[in-house]
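Some notes on the structure that comes next.
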Amino acid sequence: MTLPNGAPNCPVLYEQILDMAISISGDPARAARWCEQEPIACFGGKTAKELVAENRGADVLRYMQALEAGAAG
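Numbering (numbering that gives the first Met the number 0), first residue to last: 0 to 72.
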């Protein structure tokens, strides 16, 4: 996975997102596919990976936490 070097905390946030996706799905391969390939409607159809590259990883984490807590998505 390649993220821009200039984006602060990119690798750390991406790993946190991936870890949370694994926790939610229970399947590392499925979680990786979601992070890299699944568009997120409320973020304009961008993937988690794209959002992290745009310095919006914290937004993705909050979104995932809300979903995990039972918020409608």
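Don't be surprised by glycine CBs; every beta carbon is placed ideally from N, CA and C.
Confirm, please, whether the CB-CB distance from residue j to residue i is below 9 angstroms.
i, j, result
"Ala20", "Ala31", "yes"
Residues in the same chain with beta-carbon distance under 7 angstroms from residue i, minus the five sequence neighbours each way, listed in chain order, please.
i, result
"Pro27", "Ile21"
"Glu67", "Ile23"
Within its chain, find whatever has a CB closer than 8 angstroms to the CB of residue i; leave out the 5 residues flanking it on each side and keep chain order.
i, result
"Pro38", "Gly44, Lys45 and Thr46"
"Gln15", "Gly56 and Leu60"
"Asp18", "none"
Note down, in chain order, each residue of its chain lying with its Cβ closer than 6 angstroms to the Cβ of residue i, except the 5 sequence neighbours on either side.
i, result
"Leu12", "Val51 and Gly56"
"Met63", "Met19"
"Trp33", "Ala20"
"Glu49", "none"
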